[in-house]
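Sequential numbering of the sequence shown, starting at 1, is according to my numbering. Beta carbons are placed, not taken as given, at the ideal position from N, Cα and C, and that holds for glycine. For clarity, every value in this text was computed on a predicted model and none was experimentally measured. Before any comments, here is the structure.
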Amino acid sequence: MQEKTVFVQFSYPINCIMIKLNIAIVRKKTYTKFSEKGGEKMNNKILIGIIAITVIVGAVILLGGGKKTQEQTPANNYNAGEESALTEESQPAQAPETVTIDVTSSGFSPASVSIKPGGRVVWNNKSGGDISINSDDHPTHRLFKELNIGHVPDNSTASVLLEKQGTYTYHDHYNPGRTGTIVVK
């Protein structure tokens, strides 16, 4: 019995995840008493049918199956929304207050900051390694979703715009001993 293997591979990026669909089809050459060629033609038709169905199903899966998702912009993004045109009566908006927090190997510096509502907090990662800025409580990060920034590579910055008054606590998920507080008042 002679075997042939056909490999079909599809690759398509969806939402920053590469999906690969690998299909191996093993074709066994069988012989019949009545017609050697007839059996081979039948096997070829089955193989072509399987490949065609696989291609169609793969295309539907990779192209999203007709579902369209709309990317949502986080509410804390400083650049989110449209800017309105200035009229003669309107005043130009002032730039939001910005506070910078350096992240070093010893933690957040300063560990506690205060800003006005609408102010921006910028973390400057100088720790010598990657960090993950997340809200308390550890490890669920449920208290202040605005602070669930996540992974920040070394020598990079991350920022958040805080609109609501309150006391926000956060930590480095990779090193939970590093903690900080932001007071918005």
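- If only uninterrupted beta strand (DSSP E) runs of at least 3 residues are considered, those enclosed by the region 95 to 153 are 98 to 104, 107 to 109, 112 to 115, 119 to 125, 131 to 135, 150 to 152.
- Contact check for Val122 and Thr157: beta-carbon distance about 6 Å, within the 8 Å limit, so the pair qualifies.
- Leaving aside the five residues that flank Gly118 on each side, the residues in its chain whose CB is nearer than 8 Å to its CB run, in chain order, Pro96, Glu97, Leu161, Leu162, Glu163.
- In the three-state scheme derived from DSSP, where H, G and I count as helix and E and B as strand, Asn155 is classed as coil.
- In this structure, Tyr168 is the residue among Tyr168, Ser132, His138 with its C-alpha nearest to the C-alpha of Lys185.
- Within its own chain, the residues whose Cβ lies closer than 7 Å to the Cβ of Leu147, once the five positions on either side in sequence are excluded, are Ile133, Asn134, Ser135, Val160, Tyr168, Tyr170, listed in chain order.
- Tyr168: member of the beta strand (DSSP E) spanning 166 to 172, first to last residue.
- Short of 7 Å from the beta carbon of Ser114, and not among the five residues preceding or following it, lie these beta carbons of its own chain, in chain order: Val183, Lys185.
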